[in-house]
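Working notes, beginning with the structure itself.
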Amino acid sequence: MTREEWKDLTLMEAWIEISPYVMDYLVFLCFFLVLVVTFTVFVFIQVIKGFREVKKMRKRRMEKWRRA
9 MTREEWKDLT
19 LMEAWIEISP
29 YVMDYLVFLC
39 FFLVLVVTFT
49 VFVFIQVIKG
59 FREVKKMRKR
69 RMEKWRRA
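Set out below in structure tokens:
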């Protein structure tokens, strides 16, 4: 479509013209957001587990150091 044709369109007609592209974009955006949120939650859980392991290791070292 040329610029003049776009200028003559009403808002509803313009929406009908671009809606397939917008829907594809929204589907991709939702899928991408789900992936990002899932990855963020996974990393957060791994970090929490890592901190717990470090705490346990420190506790074991302190117990060994106190015994010696």
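Residue 72 in the numbering used here is what sits at position 64 of the sequence shown, and the numbering runs on without skipping anything. All C-beta atoms, glycine included, are put in the ideal place defined by N, C-alpha and C. If you're wondering where the values come from, they're calculated on a predicted model, not measured in any experiment.
Item: Nearest-angstrom beta carbon gap, Glu25 and Leu17 [assumed within contact, 8 Å]; Value: 7 Å
Item: Proximity test, Cβ basis, 9 Å: Phe39 and chain D; Value: Absence of chain D from the displayed structure is noted, only one protein chain being present.
Item: Rounded straight-line distance, which links the Cα of Val35 to that of Arg66; Value: 47 Å
Item: Met70, enclosing alpha helix (DSSP H) - first and last residue; Value: Leu19 to Arg75
Item: Inter-residue Cα distance where the pair is Glu21 and Phe39; Value: 28 Å
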